[in-house]
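Chemist: Before we start, here is the structure in question, set down as structure tokens.
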Amino acid sequence: MIMAAYNIWYPYKLFLRQISRRGQWYSTSDENNKQVSGTDYQSFFGDLAAIQASQNGQFLNNLHKDLNRPDVYRIWMGPEPVLMLAHPRAVKEFWSQHNENRVERNVHLGWPLEMIMGNGVGFRSMEDRNRITKYFHQALGQNQIRHFDLELETIVTEFFHQHSSDILQSHHIKYLAHDAAIPFFLGNAGFDHIDELHVLVDRLKELMTEVFDARWMNVPIIGYYLLPSSYKLRKRICLFNKRIRHVLTKIINIYRQSSFDHDEMNVSIVASFARDPNPSITFDELADTIVEGLLAPNDGTAGTFMYTLILLSMHPEIQEKVRQEIRACPNLTLNSLKEISYLDQVLSECQRLLPIFMFNVPEFASKPMTVGGVQIPKNTMVMLDVISLNHNSDAWQPDPLSFRPERFIPPVSPQLIKAYHGFGNGHLRRCLGQYFVKNLHRLFLAHLLSRKQIRFTNDIHRIDDIERYRLPFIYVPSGTVQLEEL
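Residue -14 is where the sequence shown starts when you use this note's numbering, and the numbers rise one by one after that.
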């Protein structure tokens, strides 16, 4: 029995030792050739289990503090060593050397996620990503963008007419971003299938909760072939893919059977695809990008909006300042609200203080480079420690944990831009929906604050006291805000 255990233990330790050598990166400034600080590789899944166990999203930030706040440090995503950037100067150093167009590795976040949206724009090579993005942009012009803005105004107005409760929680607005994005992705025909789409939003959330698991990520052979539960998961993913493609096919057929002339239903990505005799993207690329852009982001958007309301309730003087600027607008249209830069500053400061992500989509170093005094080889996975960057005391003085939207009064210094992760960092992997989210946020706040006073139901005064909980890849507030008539 002892010998059998040893025969298993010894090869396992050899495996761990061999993998650990991949993350032996050394300092360029230390005479003793000191290795980069960070965690050790001690299991198949690296630090994923600890990250998943963190319900408040503070695992990386706490690790960074325990390591005495280095500019960079190492963690393990499965058997993959990752250089974490935790200081603005490290981010600046990385992007001054990194060339996104010369990256030779694609992002792989586990086979289940690739089954769900692997053909989507966010998971493809840079060449494919540029092609898909270009198709989306070319399908729409300025007239269509103005049409979407008008639809957005109508949807937000209707939401507040229908929401009569005196409390607001994340689940009350979980479909708001989805419904507001339907005109862009699906056009008016999409509203005929809104109940089906809401069911798919919920099914996707259930799948994503299971997908973000160390069993599936970074250990593809074990996860895909050897675990019995993988067969059930694959079956559910295939059923989800079949259902979303069935809905899209029905909508596409509606557009192909309708007239081109004076047809506002023709104004959408799906309508453009339906009428295009030779589209430069495939149906699977269209479907997975819609899953990625329409069905997936809703909890994140709702969480960000709730964080904004909680922060405004904790700071009534800032809430009143926003309200007074809104009242000075002639009307609650996007054309008018775009003149209120303070609304965008509030959103940026909210995303800085209370980001929904612990880390960003990985980058892979395009060449050997030195970042934060540490030498890394080409193709090293590089990610941002979002909270440590957003709360960095060197960049965000005075008092980095205070809510001060005026930090983002233009012009924002390059140092602050590098320290801030709101809609992504870099050029080609920035959030494609940031224009939409900013517009939705403007309208949402304007309508709410022109009608209601926001009060937080919990008596807290520090952002660290705001209760958060983990959804698949994000961290959202669990609190409730009270709405009182003005």
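In this text, a Cβ means the ideal position worked out from N, Cα and C, and glycines have one as well.
1) Quick one: what does DSSP say Thr355 is sitting in, helix, strand or coil?
2) Would you kindly report the start and end of the unbroken alpha helix (DSSP H) that includes Phe169?
3) List the residues that DSSP assigns as beta-bridge partners of Trp472.
4) Taking Leu280 as the reference, which of Phe79, Leu125, Gly418, Phe441 has the closest Cα?
5) Where does Ile448 fall in DSSP's three states?
6) Among Asn345, Ser373, Gln336, which residue has its Cα nearest to the Cα of Phe388?
7) Which whole-angstrom value describes the C-beta separation of Leu297 and Ile439, a residue pair presumed to lie in contact below a C-beta threshold of 8 Å?
8) Express the C-alpha separation of Ile266 and Gln367 in angstroms, rounding to a whole number.
9) Give me the DSSP bridge partner(s) of Phe393.
10) Does the distance from the C-beta atom of Leu68 to that of Thr355 stay below 8 Å?
11) Tell whether a beta-carbon distance below 8 Å holds between Ser333 and Gly407.
12) Using only the alpha-carbon positions, how far apart do Asp151 and Lys306 sit?
13) Going along the chain, which residues of its own chain have a beta-carbon closer than 7 Å to the beta-carbon of Ile222, five neighbours each way excluded?
14) Could you work out which residue in Ile140, His178, Arg447 is closest to Leu319 when comparing CA atoms only?
15) Can you give me the start and stop residues for the beta strand (DSSP E) that Val367 sits inside?
16) Taking C-beta to C-beta, are Ile237 and Ala259 nearer than 8 Å?
17) In this structure, does DSSP put Ile341 in helix, strand or coil?
18) So, helix, strand or coil for Pro362, using DSSP?
19) Considering only the alpha carbon of each residue, which of Leu70, Pro73, Met111 lies closest to Asn84?
20) Got a sec? Which residues, its chain only, sit under 7 Å from Phe108 by beta carbon, not counting five neighbours each side?
21) Measuring CA to CA, which of Glu469, Pro396, Leu401, Ile394 is closest to Pro385?
22) Among Gln82, Ser5, Lys50, which one has its Cα closest to the Cα of Ser62?
23) Grab the span of the beta strand (DSSP E) containing Gln438 for me, first residue to last.
24) Spatial neighbours of Glu78 within its chain, please: CB distance less than 6 Å, with the 5 preceding and 5 following residues excluded, ordered by chain position.
25) If you run the structure through DSSP and keep just helix, strand and coil, what is Arg109?
26) Is it right to say Ala380 is buried, meaning 16 or more other beta carbons lie within 10 angstroms of its own, or is it exposed?
27) Buried or exposed: where does Ser253 fall if 16 or more other Cβ atoms within 10 Å of its Cβ makes it buried?
Modeler: To lay it out plainly:
1) strand
2) 161 to 170
3) Here the chain covers residues -14 to 471 and nothing more, so residue 472 does not appear.
4) Gly418
5) helix
6) Gln336
7) 5 Å
8) The residue asked about is misnamed: residue 367 is Val in this sequence, not Gln. Taking the straight line from one Cα to the other gives about 29 Å.
9) None; Phe393 has no bridge partner.
10) no
11) yes
12) 22 Å
13) Pro97, Met100, Ile101, Leu192
14) Ile140
15) 366 to 369
16) yes
17) coil
18) coil
19) Met111
20) Val92, Glu99, Met102
21) Leu401
22) Note that residue 62 corresponds to Met in the displayed sequence, not to Ser. When each option's Cα is compared against that of Met62, the closest is Ser5.
23) 437 to 441
24) Val356
25) coil
26) buried
27) buried
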